[in-house]
Amino acid sequence: MALIVHKYGGTSMGSVDRIRNVAARVAKWHRAGHRMIVVPSAMSGETNRLIALAKAIVPEPDPRELDMVACTGEQVSVGLLAVALKSLGVEAVSYCGWQVAVRTDSAFGKARITAIDTVRLDAALNEGKVVIVAGFQGVDPHANLTTLGRGGSDTSAVAIAAAVKASECLIYTDVDGVYTTDPRIVAEARRLERITFEEMLEMASLGSKVLQIRSVEFAGKYQVKTRVLSSLTPPEMDLEEEAASGTLITFEEEESMEQAVISGIAFNRDEAKITVTRVPDRPGVAYSILGPIAEANIDVDMIIQNQSQDGLTDFSFTVHRNEYERAMRVLREEVVSQIGARTLIGDAKIAKVSAVGIGMRSHVGIASLMFRTLSSEGINIQMISTSEIKISVVIEDKYMELAVRALHAAFGLDQPG
Ligand code: ASP
Ligand code: MG
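Numbering (our numbering), first residue to last: 179 to 595.
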């Protein structure tokens, strides 16, 4: 008899019939003897609808009040799910975040969980009830309601699983697991049976939208065994089979020994490149460019400074596309003239493509295979960055899909493992 957390996304909760299906699935687990906590999202489209209501009044609603509105979708979900479970004869109780309490800081719209009380959860579990906790929401130290950022119920579920020391957190969603790359781009993409937490973190940060990245960070920090699996299978599916389906996020180091060198190809179009040309190559230049960017609270991803010629060098970096205009403004106004650079060039037509795999730690030649593959497709590499388990390149965005397909094939990801 294990303690299990289930999380259901908006699509899984999208209609009364689907909520009945969720209830049937949860009832099956409960009847098999498991202690169950369930964390649902709002019904699909609901959070967007709520935010749009507030924004129809003013374009930038007060953040506290926006959270007050946005978090209500989950309250509806937990109540409906409890009603559905009771209708199946399963004792269940629903809680909002504040009732538990899921404690957060006061960063409205992107609050971080600081602690989760387990007294109420434990008490209800001990009474044999299925406990349903609203995802996405929490309460700050001043009793204000908060939300965790879009997609935040993944994080709620994993954080609750960590707090109650659940044996597994199952994230039920509208895809059946984590893939070697996006199947919409590469038809041969395969579902991974396992992926290490570190790889998952890279995949999530590089654009694979299966899990909110903070949930992956939580899973890693607290070693929560987390599985991504389909909510579209029949609820009466054999429990053992269901429990082994999807993609398991693992922690064991031995795992990597038998694993493929590369686990996946990730990509995104979320960044823009900024280049300051002909800057004097002297101490303090990088700081004089990136200092004001940091002060403006703009995150920088990749950075390149070239070898100088005649004491001058080019300096490039990438920022999120949403911050691109602002970053350009900061540089134009504050920096370029002061440091005596020649020009400021911005380019939003870029894409980042990355090969991710824990196996690359012990393999030379991964980078050269990647570069050879891109060159044989005639794709120019504009920037490169590497970490222990990832190589990323920036290329012109119109070549992104071609690059992803070519790399997916070159690293043998098309072939069944
Ligand atoms: N309902 C929230 C959202 O749409 C949280 C979630 O679905 O995870 O972002
Ligand atoms: Mg989601």
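Even glycine gets a Cβ: it sits at the ideal position worked out from N, Cα and C.
heavy atom of ligand 1 below 6 Å from residue i C-beta
i, result
"Arg328", "yes"
"Gly306", "no"
"Thr225", "yes"
"Ala220", "yes"
"Ser331", "yes"
"Gly275", "no"
"Phe286", "no"
"Gly188", "yes"
"Phe314", "yes"
Residues of its chain near residue i, where Cβ-Cβ distance is below 7 Å and the 5 sequence neighbours each way are ignored
i, result
"Met179", "Gly211, His212, Arg213"
"Gln483", "Ala464, Thr491, Phe493"
"Gly287", "Pro241, Leu244, Asp245, Thr325, Gly327"
"Ser553", "none"
Residue-chain proximity (residue i, chain C), Cβ-Cβ < 7 Å
i, result
"Ile373", "Here chain C cannot be found, since the structure has a single protein chain."
Burial state of residue i (16 or more Cβ within 10 Å)
i, result
"Glu184", "A small correction: the amino acid at residue 184 is His; Glu does not occupy that position in the sequence shown. Buried, by the Cβ-count rule."
"Asn475", "exposed"
"Leu585", "buried"
"Lys568", "buried"
"Glu376", "buried"
"Tyr400", "exposed"
"Gly424", "buried"
"Thr521", "exposed"
"Gly218", "The sequence as given places Pro at residue 218; Gly does not occur at that position. Counting Cβ neighbours within 10 Å, Pro218 comes out buried, since at least 16 surround it."
"Gly187", "buried"
"Thr359", "buried"
"Val454", "buried"
Contacts around residue i, its chain only, beta-carbon distance under 6 Å, and the 5 residues preceding and following it disregarded
i, result
"Thr189", "Ser222, Asp352"
"Ile440", "Ala533, Gly535, Phe589"
"Thr428", "Arg372, Thr374"
"Ile229", "Ala248"
"Pro319", "none"
"Gly398", "Phe375"
"Arg583", "Val364"
"Val394", "Met378, Leu379, Ala382"
Which residues DSSP lists as bridging residue i, in chain order
i, result
"Val309", "Ile215, Val271"
"Glu346", "Ile182"
"Leu591", "According to DSSP, which records beta bridges pairwise, Leu591 is partnered with nothing at all."
"Leu426", "Arg372, Arg405"
"Arg281", "Ala293, Val317"
"Leu326", "Note: Leu326 sits in no beta bridge, so no partner."
Contacts around residue i, its chain only, beta-carbon distance under 8 Å, and the 5 residues preceding and following it disregarded
i, result
"Asn226", "none"
"Leu266", "Ala201, Ala202, Ala205"
Quiz item: What residue ranges within the stretch 437-499 form continuous beta strand (DSSP E) runs of no fewer than 3 residues, ordered along the chain?
Solution: 442-446, 449-458, 478-483, 490-498
Self-check item: Whole alpha helix (DSSP H) elements within the stretch 182-256, 4-residue minimum
Solution: 194-209, 224-235, 241-248
Exercise. Could I get the ranges of all uninterrupted alpha helix (DSSP H) runs contained in the stretch 380-424, with 4 residues as the minimum, in chain order?
Key: 391-399, 417-421
Quiz item: Could you give the uninterrupted runs of the beta strand (DSSP E) lying entirely in the stretch 501-571, keeping only those of 3 residues or more?
Solution: 521-525, 528-534, 561-565
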